[in-house]
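Participant: Take this structure first; my questions come after.
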Amino acid sequence: ELGERALALAADDPDRAAAHRAIAAAYRSVLRMDEAWDHLQRAAALYGSAGNVPAEIYVELGETLGWYGAFKKRPTEEEARALFERGIAAARGDPTTLARVLLARARYAIAMSQTPRAQYLDEAVEAAEAARDPSLVRRVLLVKANFVMGQGRLDEAGPLLDEVRRSPGHVDGLERLALLMISSTYHYTVGDMRAHAADVEELLTVAEPMGPHNRTHAWQNATELYLARGSWTQIVDLAQRTAKLIVEERSSAFCLMASLVLQAGAAAHALAGRRDDALALLRLIDETTDRDKAHRKAMPRALLGLDPGIGPEDRWEWYEELDTAVAAVALRRPDDALAAVERMAAGARTSPPYLAFIDSVREVVAELRGGPPATYDALRKVGYVGWIDLLRHRAEPEDPRTT
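So, in structure tokens, the structure goes:
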């Protein structure tokens, strides 16, 4: 509202452009990126009519693009490519601004799984170090930590996160949110349940006043904690709260994180035999911006005895193969379950919980083939008992016409 008032009072195009940037920043802080993008485009046009577009505008547009799941209508790849090209050209001669543009490009490329993402990340790291800006180096190292963690390089991610935490300088709301999310997922993946619980507690506090979309980011990390503990009632509660936000907060887009909360809630309902409740949550996944909706639904569908909707030939990130393996076990498909954990193995090499999961799936496969009952001792040892609940479940196939 303050930004709109400033816009009404603006006397010329540069003032109006500044007001649009302020409004965009407000929308960006609560991850309503369609509105943020629109106001930044208006600011760029106004600056352009009065002379040159400041390079900072391209930084802000690029940073907005990085939260790709917070768009209802995402800009095209062609628009994104043109934006970064113009930003790099405009920032030449200004090391700090150039580094910020390159960081935004790297973050977007990673989010969109683009082929040159590793190259872009290396270029952003080099540019940030050349700019000699500690806060910028901190931000690019956070992006790098998230990237290497996604590749299963947890031994690299931990030291990077430590360096990020030691870095001086102001940390704004979205950066703090991102740090806590990445740190939480790191501790979940390495099996440090105490540190994970501390991250989640702080994350829930930070995200609560930051708007509906941000809350679902925190709830997703909390869901991981409850899943490890086997706290299915708490998972259902967060899934229902997420469903309520999606239905009531139509001005906000909801991304993969909301989809993951709904997935876990649907799985909880399926384990308890609440078929209709599970299917209701799965239908809401279609209203998110998740790019892999079919995979998100597959595991809960299998727990219900339904066709998972994906085939054994489909490939996912190494940590997502957990869902594939659970689905195969639930439907008594030992070959598919074994193939899934074999694809997971390389990425899981430094993750005790995922290695324990692989061991347990191999036990289940042996059981399904007539061997002794699975003990799940490896998962009990790391404390991830919710994963045991998932692997113990066997579903009776249902009539596909009932879906």
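For the sequence shown, my numbering gives the first residue as 1, with consecutive numbering after it.
C-beta atoms are modelled at their ideal positions from N, C-alpha and C, and glycine is treated no differently.
Note that this is a predicted model, so its numbers are computed, not measured.
Hey, would you say proline 95 sits closer than 8 Å to alanine 130, going by beta carbons?
Facilitator: One-based indexing of the sequence shown puts residue 95 at position 95. One-based indexing of the sequence shown puts residue 130 at position 130. Closer than 8 Å, so yes.
Participant: So the candidates are Leu284, Ser251 and Glu126; which of them puts its Cα closest to the Cα of arginine 241?
Facilitator: Along the sequence shown, one-based indexing puts residue 241 at 241. Arginine 241 has its Cα closest to that of Leu284, out of Leu284, Ser251 and Glu126.
Participant: Mind checking which residues open and close the alpha helix (DSSP H) that includes glutamine 114?
Facilitator: Start at 1 with the first residue of the sequence shown, and residue 114 comes out as number 114. Taken as a continuous stretch (DSSP letters only), glutamine 114 belongs to no alpha helix (DSSP H), as it is neither H nor E.
Participant: Specify the secondary structure class of threonine 288 as computed by DSSP and reduced to three states.
Facilitator: On the sequence shown, position 288 is the one that residue 288 refers to. Coil at threonine 288, not helix or strand.
Participant: Tell whether a beta-carbon distance below 8 Å holds between valine 236 and alanine 268.
Facilitator: Start at 1 with the first residue of the sequence shown, and residue 236 comes out as number 236. Start at 1 with the first residue of the sequence shown, and residue 268 comes out as number 268. Yes.
Participant: Return helix, strand or coil for glycine 265, following the three-state DSSP convention.
Facilitator: On the sequence shown, residue 265 is found 265 positions in, with the first residue counted as 1. Helix, per DSSP.
Participant: What are the boundary residues of the alpha helix (DSSP H) that serine 184 is part of?
Facilitator: Here residue 184 is taken as the residue at index 184 of the sequence shown, counted from 1. Its alpha helix (DSSP H) spans residues 173-190.
Participant: On the CB-based measure, 16 or more other CB atoms within 10 Å of its CB, does glutamate 78 come out buried or exposed?
Facilitator: Within the sequence shown, numbered from 1, the residue matching residue 78 stands at position 78. So glutamate 78 counts as exposed.
Participant: Among residues of its own chain, excluding the 5 on either side of threonine 403, which ones have a beta-carbon nearer than 6 Å to its beta-carbon?
Facilitator: Here residue 403 corresponds to residue number 403 of the sequence shown, with the count starting at 1. Any reading at threonine 403 needs caution, since the residue's pLDDT is 48, under 50, leaving its predicted position unreliable; the model's value is listed next. These residues qualify, in order along the chain: Leu306.
Participant: Tell me the DSSP secondary structure of tyrosine 384 in three-state form.
Facilitator: To locate residue 384, count along the sequence shown from 1; it is residue 384. Of the three classes helix, strand and coil, the one that applies to tyrosine 384 here is coil, per DSSP.
Participant: Let's see if you can read the secondary structure: which residues bound the alpha helix (DSSP H) around isoleucine 310?
Facilitator: As a working mapping, residue 310 is identified with position 310 in the sequence shown. Note, isoleucine 310: premise wrong, no alpha helix (DSSP H); not H, not E.
Participant: For histidine 295 and alanine 17, I'd like the C-alpha separation in whole angstroms.
Facilitator: In the sequence shown, residue 295 corresponds to position 295, counting from 1. In the sequence shown, residue 17 corresponds to position 17, counting from 1. So the two alpha carbons sit approximately 42 Å from each other.
Participant: Ignoring anything shorter than 4 residues, give me the alpha helix (DSSP H) runs that lie fully in the region 207-249, in order along the chain.
Facilitator: The qualifying runs are 212-229 and 232-248.
Participant: For alanine 70 and methionine 112, which I take to be in contact (beta-carbon distance under 8 Å), what is that distance rounded to the nearest angstrom?
Facilitator: What you label residue 70 is simply residue 70 of the sequence shown in a count that begins at 1. What you label residue 112 is simply residue 112 of the sequence shown in a count that begins at 1. Alanine 70 to methionine 112, Cβ: 14 Å. No contact.
Participant: Where does the unbroken alpha helix (DSSP H) through arginine 42 begin, and where does it stop?
Facilitator: By one-based count along the sequence shown, residue 42 stands at place 42. Run containing arginine 42: 33-50, per the alpha helix (DSSP H) assignment.
Participant: Kindly confirm or deny that the region 357-367 and the region 376-389 touch, where touching means at least three C-beta pairs closer than 8 Å.
Facilitator: Yes, the region 357-367 touches the region 376-389.
Participant: Mapping DSSP to helix, strand and coil, what is arginine 107?
Facilitator: On the sequence shown, residue 107 is found 107 positions in, with the first residue counted as 1. Of the three classes helix, strand and coil, the one that applies to arginine 107 here is helix, per DSSP.
Participant: Go through the region 347-379 residue by residue and report every complete run of the alpha helix (DSSP H) that reaches 4 residues or more, in order.
Facilitator: With a minimum length of 4 residues, the continuous alpha helix (DSSP H) runs that stay inside the region 347-379 are 352-368.
Participant: Skipping 5 residues on each side, what residues in its chain have a beta carbon closer than 6 Å to that of proline 397?
Facilitator: In the sequence shown, counting from the first residue as 1, residue 397 sits at position 397. Excluding sequence neighbours, proline 397 sits near Gly305.
Participant: Return the chain-ordered list of same chain residues with a C-beta closer than 6 Å to the C-beta of glycine 347, the five sequence neighbours on each side being excluded.
Facilitator: Your numbering for residue 347 matches position 347 in the sequence shown. Same-chain partners within the cutoff: Gly152 and Trp318.
Participant: Is alanine 239 closer than 8 Å to valine 261 when the C-beta atoms are compared?
Facilitator: On the sequence shown, residue 261 is found 261 positions in, with the first residue counted as 1. On the sequence shown, residue 239 is found 239 positions in, with the first residue counted as 1. Yes. Within cutoff.
Participant: Out of Leu154, Asn214, Lys144 and Leu141, which has the shortest C-alpha to C-alpha gap to leucine 174?
Facilitator: Indexing the sequence shown from 1 puts residue 174 at position 174. Of Leu154, Asn214, Lys144 and Leu141, the residue nearest in Cα terms is Asn214.
Participant: Taking CB distances under 8 Å as the criterion, tell me whether tyrosine 186 reaches chain C.
Facilitator: Among the chains in the structure shown there is no chain C, since it carries only a single protein chain.
Participant: Among Leu180, Arg229 and Gly383, which has the Cα closest to the Cα of alanine 207?
Facilitator: In the sequence shown, the residue the question calls residue 207 occupies position 207. Ranking Leu180, Arg229 and Gly383 by Cα distance to alanine 207 puts Leu180 first.
Participant: Closest to threonine 97 by CA distance: which of Ala82, Gln119, Ala55 and Phe84 is it?
Facilitator: Here residue 97 refers to the residue found at position 97 when the sequence shown is read from its first residue. The candidate whose alpha carbon is nearest that of threonine 97 is Ala55.
Participant: Rounded to whole angstroms, what is the Cα-Cα separation between aspartate 406 and glycine 158?
Facilitator: The displayed coordinates of the chain run from 1 to 403. Any statement about residue 406 would go beyond what the structure contains.
Participant: Our contact map puts alanine 127 next to leucine 102 with C-beta atoms below 8 Å; I'd like the distance itself, whole angstroms only.
Facilitator: Along the sequence shown, one-based indexing puts residue 127 at 127. Along the sequence shown, one-based indexing puts residue 102 at 102. Their Cβ separation, rounded to whole angstroms, is 5 Å, which keeps alanine 127 and leucine 102 in contact under 8 Å.
Participant: Tell me, to the nearest whole angstrom, how far the beta carbon of leucine 303 is from that of alanine 395; I am working on the premise that it is less than 8 Å.
Facilitator: Here residue 303 corresponds to residue number 303 of the sequence shown, with the count starting at 1. Here residue 395 corresponds to residue number 395 of the sequence shown, with the count starting at 1. At roughly 6 Å, the Cβ-Cβ gap stays under 8 Å, so leucine 303 and alanine 395 are in contact.
Participant: Taking the alpha-carbon positions, what's the glutamate 35 to valine 364 distance?
Facilitator: Here residue 35 refers to the residue found at position 35 when the sequence shown is read from its first residue. Here residue 364 refers to the residue found at position 364 when the sequence shown is read from its first residue. Straight-line Cα distance between these residues: approximately 49 Å.
Participant: Rank Asp172, Val341, Ala270 and Ala11 by C-alpha distance to the C-alpha of leucine 136 and give the top, closest one.
Facilitator: Counting from one through the sequence shown, the residue named residue 136 turns up at place 136. The option with the nearest alpha carbon to leucine 136 is Asp172.
Participant: With glutamate 78 as the anchor, note down where its alpha helix (DSSP H) starts and where it stops.
Facilitator: The count along the sequence shown starts at 1 and reaches residue 78 at position 78. Counting along the chain, the alpha helix (DSSP H) containing glutamate 78 begins and ends at 77-91.
Participant: Do threonine 189 and leucine 154 have their C-beta atoms closer together than 8 Å?
Facilitator: Numbered from its first residue, the sequence shown carries residue 189 at position 189. Numbered from its first residue, the sequence shown carries residue 154 at position 154. In this structure, leucine 154 lies closer than 8 Å to threonine 189 by Cβ.
Participant: Short of 8 Å in beta carbon distance, which residues of its chain neighbour valine 143, apart from the five on each side in sequence? Order them along the chain.
Facilitator: Residue mapping note: residue 143 aligns to position 143 of the sequence shown, counting from 1. If we look at valine 143 and ignore the five residues flanking it on each side, its Cβ neighbours are Leu103, Ala106, Arg107, Ile110, Leu121 and Ala124.
Participant: In this structure, does DSSP put phenylalanine 147 in helix, strand or coil?
Facilitator: Residue 147 sits at position 147 when you count from the first residue of the sequence shown. The answer is helix: DSSP assigns phenylalanine 147 an H, G or I state.
Participant: Grab the span of the alpha helix (DSSP H) containing histidine 393 for me, first residue to last.
Facilitator: Working through the sequence shown from its first residue, we reach residue 393 at position 393. That residue, histidine 393, is in no alpha helix (DSSP H); it is neither H nor E in DSSP.
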